[in-house]
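Enquirer:
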Amino acid sequence: MHRTQILLEPEQYRALVELARLEGRSLSELLRELVREHLAQRDQAADVIQARQMAALERIRQHRQALLERRGGVPLDIDVAALVAAVREERDADILAGSTDDRR
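Take 0 as the starting number for the sequence shown in numbering that gives the first Met the number 0 and just add one per residue.
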């Protein structure tokens, strides 16, 4: 075990001392149990989050597989960089056309 010191608000200290007294335990023993329970709850919450994330990834994989099957097993062959450049050029042209219309 490691010795540590913590500062508690007066009402926290009073409540913990009273709880320890009612349970017939030392304050240290009570605090160790509370810390242990809190850490276990955090672990459970992390496990739930991880399970949700893994389920989401599985849904993405299934969706990807369904799309691939609809395309006859042939993945999309898109030059993303060229597509982005084309969209940007179109947007720039629209912006410039709009700004020249505003001058009239």
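Cβ atoms here follow ideal geometry from the backbone N, Cα and C, with glycine treated the same way.
Source: prediction; values computed, not measured.
Measure how close the beta-carbons of E113 and L29 come, nearest whole angstrom, since I'm counting them as under 8 Å.
Expert: Here the chain comprises residues numbered 0 to 103, so residue 113 is not present and cannot be evaluated.
Enquirer: Suppose the cutoff is 6 Å on Cβ atoms and the five residues either side in sequence are ignored; what does the same chain contact list for D93 look like?
Expert: The answer is none, since no qualifying residue turns up.
Enquirer: For the alpha helix (DSSP H) holding H37, just list the boundary residues, first then last.
Expert: Unbroken alpha helix (DSSP H) run through H37: L26 to R69.
Enquirer: Could you tell me whether the Cβ atoms of P74 and L67 are closer together than 8 Å?
Expert: Yes, these two residues count as a Cβ contact at 8 Å.
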